[in-house]
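Quick note: the sequence shown uses this note's numbering, first residue 268, plus one each step. From the three backbone atoms N, C-alpha and C, an ideal C-beta is built for every residue, glycine too.
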Amino acid sequence: MGVSRSAYYGYVRCVDNCSESQLHEEILEAVRDIAKSSNYSYGSRRIGKALNALGYPVGRWKARSLMREAGVQVKHRRKYKVTTNSDHKQPVFENKLNRQFDVAAPNQVYVGDITYIWTREGWLYLAVIIDLFPRKVVGWSMSSRMKARLVCDALRMAIWQRQPQAGLIVHSDSKNTCTRFQ
């Protein structure tokens, strides 16, 4: 016959007199639609399979070049990192505060918590100590590692700044990350 296999299938694809550039634009639009409908989670393999299902026979590498040409990039999802250990053998102390957050005077009850914040340097952990009477931050500390020292530094800052009397209650949330100092 004298015709290559790819030329034959190219002819079959364009039987209805469409030009190559028109077909190429159709495929690019299909790539954009597939990527958008998958919330940009499909890679070149899945997009290639989806294009094949739509009647555009392309392989993985062609799908990859089409994705690049269409400006489609995959959103990489990071694995969730567990930061708390709820299955510990440390003693759990009673809740002296019992959700009574109204305090009569300053320096009677401090509450604390730890969170993490994305910065240009990466994830940083922030420990905060708040005096419940004025509801103001009295101590804080930041670190790239969640260690007991993070909380200790925040508590030291609060005690150094406010110099509370004996009998101070320091309360943390029920999802204790660090049970070392309970």
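May I ask you to report which of helix, strand or coil DSSP gives residue i?
| i | result |
| --- | --- |
| residue 346 | coil |
| residue 414 | coil |
| residue 422 | helix |
| residue 339 | coil |
| residue 434 | coil |
| residue 310 | coil |
| residue 406 | strand |
| residue 439 | strand |
| residue 294 | helix |
| residue 321 | coil |
| residue 300 | helix |
| residue 289 | helix |
Indicate, with yes or no, if the ligand NAD has a heavy atom lying under 7 Å from the CB of residue i.
| i | result |
| --- | --- |
| residue 330 | With respect to the ligand NAD, the structure shown offers nothing to examine, as it has no ligands at all. |
Counting only beta-carbon atoms, is residue i nearer than 8 Å to chain C?
| i | result |
| --- | --- |
| residue 317 | No chain C appears in the structure shown, which is made up of a single protein chain. |
Let's test the definition: count the other Cβ atoms within 10 Å of the Cβ of residue i and tell me whether it reaches 16, buried, or not, exposed.
| i | result |
| --- | --- |
| residue 408 | buried |
| residue 294 | buried |
| residue 381 | buried |
| residue 406 | buried |
| residue 315 | buried |
| residue 302 | buried |
| residue 317 | buried |
| residue 325 | buried |
| residue 372 | exposed |
Taking 8 Å as the threshold (C-beta atoms), are residue j and residue i in contact?
| i | j | result |
| --- | --- | --- |
| residue 439 | residue 379 | yes |
| residue 404 | residue 422 | no |
| residue 374 | residue 432 | yes |
| residue 399 | residue 418 | no |
| residue 337 | residue 311 | no |
| residue 340 | residue 307 | yes |
With distances taken from CA atoms, which of the options is nearest residue i?
| i | options | result |
| --- | --- | --- |
| residue 298 | 399, 320, 411, 271 | 320 |
| residue 391 | 375, 370, 308, 413 | 413 |
| residue 396 | 371, 426, 383, 372 | 426 |
| residue 387 | 402, 411, 287, 394 | 411 |
| residue 394 | 416, 328, 323, 304 | 416 |
**Report entry** Completely contained beta strand (DSSP E) runs for the segment 377-402, where each covers 3 or more residues
**Finding:** List check, beta strand (DSSP E) in window: 389-398.
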